[in-house]
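K.L.:
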Amino acid sequence: MAVSPAGRQDGTIAPLHRRARLDLLPYMLLAPSATVLGLLLLYPLGQSVWMSFQNANMLRPNRTTFAGLDNYAAVLGSEAFLNSLRVSLLYTVAVVVASVVIGTALALLVHQKYPGRALVRSILIAPWVMPPVVTAIVWIWMYDVQFGVFNYLLKLTGVTAQNLGWLTAPGLALVAVIIVHAWKQIPFTMITILAGLQTIPDELYEAASIDGATWWQRFRNVTLPGLRPVMGMLVLLQTIWTFRNFAYVHLMTGGGPGRSTETLVVQVYLTAFNNFDLGKASAIGVIILTISLVFSYLWMRQIQSKAYEP
Amino acid sequence: MSVRSRRLWNRGFLIAIAIASCAIIVFPYYWMIVTSVQPTARLFDYPPHLGPVDAQWQHYVDIFSHRPVAVWLWNSVRVALATTVAAMALGALGGYALSRFRFRGRGAAGFMILVTQMLPTTLMVIPIYMIFKSISMLDTLSGLALAYTTFALPYCLWMMKGFFDTIPRDIEEAAAVDGCSRLAILFKVVLPLSAPGLVATALFSFILAWDEYLFGITLTRSPATRTMAVGIATFIGEYGTPWDLIMTASAIATIPVLVMFLFLQRYLIQGLTAGAVKG
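Residue numbers (the numbering used here), protein chains in the order written: chain A, 2 to 311; chain B, 16 to 294.
1. Would you call the region 129-143 of chain B and the region 24-44 of chain A touching, i.e. three or more CB-CB distances under 8 Å?
2. Quick one: using the 10 Å Cβ neighbour count with 16 as the cut-off for buried, is Y61 (chain B) buried or exposed?
3. Assuming I261 (chain B) contacts I285 (chain A) (C-beta within less than 8 Å), just tell me the rounded distance between them.
4. Enumerate, from N- to C-terminal direction, the unbroken beta strand (DSSP E) stretches of 3 or more residues contained entirely within the region 67-139 of chain B.
5. Secondary structure at R302 (chain A), three-state DSSP: helix, strand or coil?
6. Output yes if chain B places a C-beta closer than 8 Å to the C-beta of R302 (chain A); else output no.
7. Which residues does DSSP pair with T66 (chain A) in a beta bridge?
8. Quick check: is the beta carbon of S36 (chain B) nearer than 8 Å to any beta carbon in chain A?
9. Check whether chain A comes within 8 Å of T164 (chain B), counting only Cβ atoms and requiring the distance to be less than that.
10. Please confirm if the region 236-243 of chain A is in contact with the region 91-107 of chain A, defined as three or more CB-CB distances below 8 Å between the two stretches.
11. If the cut-off is 9 Å on Cβ atoms, which residues from the region 56-73 of chain B count as contacting chain A, listed in chain order?
12. List, in chain order, every chain B residue whose beta-carbon is nearer than 7 Å to that of W216 (chain A).
13. P116 (chain A) to W51 (chain A), Cα distance in whole Å?
14. Identify which residue in B:I48, B:Y282, B:I232, B:P271 has its Cα closest to the Cα of Y270 (chain A).
15. Examine chain A for any beta-carbon lying closer than 8 Å to the beta-carbon of Y75 (chain B), and answer yes or no.
16. G212 (chain B) and F166 (chain B) - do their beta-carbons sit closer together than 8 Å?
17. Distance, Cα to Cα, R260 (chain A) vs N84 (chain A)?
18. If we require 4 or more residues per run, which alpha helix (DSSP H) segments fall completely within the region 120-147 of chain A?
19. Using the Cβ count rule (16 or more neighbours within 10 Å means buried), how would you classify H251 (chain A)?
20. Identify which residue in A:N152, A:T65, A:V102 has its Cα closest to the Cα of L165 (chain A).
21. Spell out the partners DSSP gives R19 (chain B) in its beta bridges.
22. Evaluate A21 (chain A) with the Cβ neighbour count: other Cβ atoms within 10 Å of its Cβ, from every protein chain shown; 16 or more gives buried, anything less gives exposed.
23. Cα separation between D145 (chain A) and L65 (chain B)?
24. Hey, how far is the Cα of L279 (chain B) from the Cα of V214 (chain B)?
In structure tokens:
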């Protein structure tokens, strides 16, 4: 490695002055960011955690009393919470699986060589750009029971015989929102997997072909293992993002019909703004965060325990 | 079948699948545009017209008098630009520090950034609302910009750090040997080299601010401070929804980010994947 006055072995830069004093520059560079994040992320988070241990009503802010673990006990024992937990898990798993599978398929499609594939890639990224509010409202229109084009196309192609209540039927509403969210996530999955595909050396495929491997065998034994590092990070990010996502459910169904689409984050919102119970809402929020943290920890241990090098 | 014709078949097959996939994925956009150019009288024709019939641009004129869309647009532009500038500035400075300097707390930074991705927005909205209330920043665009900068910042720091990591230290060391102060190195040497990272960060922040709506509806009250996202959200659940006008407003809300994205997608993809692949 080069020996130079400023560069250290690990790539960082030593202070240029020979005085033995605390190097202030990095702290100064980070101070504005740290201030903003501290005041508007950490502090509110701390307040929320504190609030979860209080009896707090939004309409009567001066009558807040200490509640200990009462909120948590009430929440964890309630039917509504268990329902929301189930809905959140179903929702997250479905969206992540769908977007990863379809995203991988599309990444493979874009990875092949044929004329116009750059254009194809650009077009396939389109869902990512649509603002969530626009996405929700366009799909609400498409899902309209009587005049929606979705039902029309389904009947045209013979998949169904009658109009389906996509956002009005308890069984279908969750599926409807899952489709929308998965649609929105596909570009990110596709691009990430595509980048991963590009790191797999061609020689591995050639060697497999020489050995007589079919397309499926090449996929299973060269592509999938090669994608493992990327997949690990991708699934982690997609999971924590989907788990905390609020927009699509809130805008399209509001948690209904019944409670069939009431995810945990929607329940936080309803508890705070419909029931005005800030203590309980904060408790649910803290539980959501805890689940995410635990999952992330377990997942990262899982993906780091196996060797990456093929 | 000869090798050559099989290859042509394969290629044709791929192109067919590519076209079908594109058509399916992009259909909601298509439907949004078709509805927006449909005359109101034709809107509820059954069966619905899959292609535009009697297409007209009238709605794009009417929408501005039907709702204060011009106000919404202008608000969105201002908030998004302010967020972009702030997030880029703070992100570039902080990202540089994270990339180049060894100091206590450096390792925890990456983990903290991951944690910020887990924070449920519905949990954060109430305390943030109360903070803004106490500093009288409710119902202001600068308040929104501040909130959006906060959410964009972790990601911007991470992206900028990733980009700075790819710039060799030799260049900075050479400049140092030539007598440049460290701040001068940052501004005159490193930043110009990390232009793709800056573009990606800017684009990401702009889109985040443009799209965001939960804090928009919570932190603002009066119609004068509504952004496009908040304005369109007011259409939802409205009695007798004017779908043609809604789709027009939606198209207007989408086109700016779509155009930006088309021109700058290369940088954004670089930025997105820099972290995920190198991990």
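Here a beta-carbon is modelled for each residue, glycine too, at the ideal position from N, C-alpha and C.
P.N.:
Once the coordinates are examined:
1. The way I'd put it, the region 129-143 of chain B does touch the region 24-44 of chain A; three or more beta-carbon pairs between them come closer than 8 Å.
2. Counting the other Cβ atoms within 10 Å of the Cβ of Y61 (chain B) gives fewer than 16, which makes it exposed.
3. So it is not a contact: roughly 32 Å between Cβ atoms.
4. Within the region 67-139 of chain B, no complete beta strand (DSSP E) segment of 3 residues or longer occurs.
5. Note: R302 (chain A) maps to helix in three-state DSSP.
6. The C-beta of R302 (chain A) comes no closer than 8 Å to any C-beta of chain B.
7. Bridge partners of T66 (chain A): A:N56.
8. So yes, S36 (chain B) belongs to the interface.
9. At least one chain A Cβ lies under 8 Å of T164 (chain B).
10. Cβ pair count under 8 Å is three or more, so yes.
11. Result list: L58, F59, D60, Y61, P62, P63, L65.
12. Against chain B, the beta carbon of W216 (chain A) has no neighbour under 7 Å; the closest one sits roughly 10 Å away.
13. Whole-angstrom Cα-Cα distance: 58 Å.
14. It is B:I232.
15. Cβ-Cβ to chain A under 8 Å: no for Y75 (chain B).
16. By the CB criterion at 8 Å, F166 (chain B) and G212 (chain B) fall outside the cutoff.
17. Linking R260 (chain A) to N84 (chain A) through their CA atoms gives a straight-line distance of about 8 Å.
18. 127-130, 133-143, all fully within the region 120-147 of chain A.
19. That one is buried.
20. Nearest option by C-alpha distance: A:N152.
21. Under DSSP, R19 (chain B) shares a beta bridge with no residue.
22. Reliability fails at A21 (chain A), whose pLDDT of 46 lies under 50, so the model's placement of it is uncertain and the value that follows must be treated cautiously. It is exposed - the Cβ of A21 (chain A) has fewer than 16 other Cβ atoms within 10 Å.
23. Computed Cα separation, rounded: 15 Å.
24. In a straight line, the C-alpha of L279 (chain B) is about 8 Å away from that of V214 (chain B).
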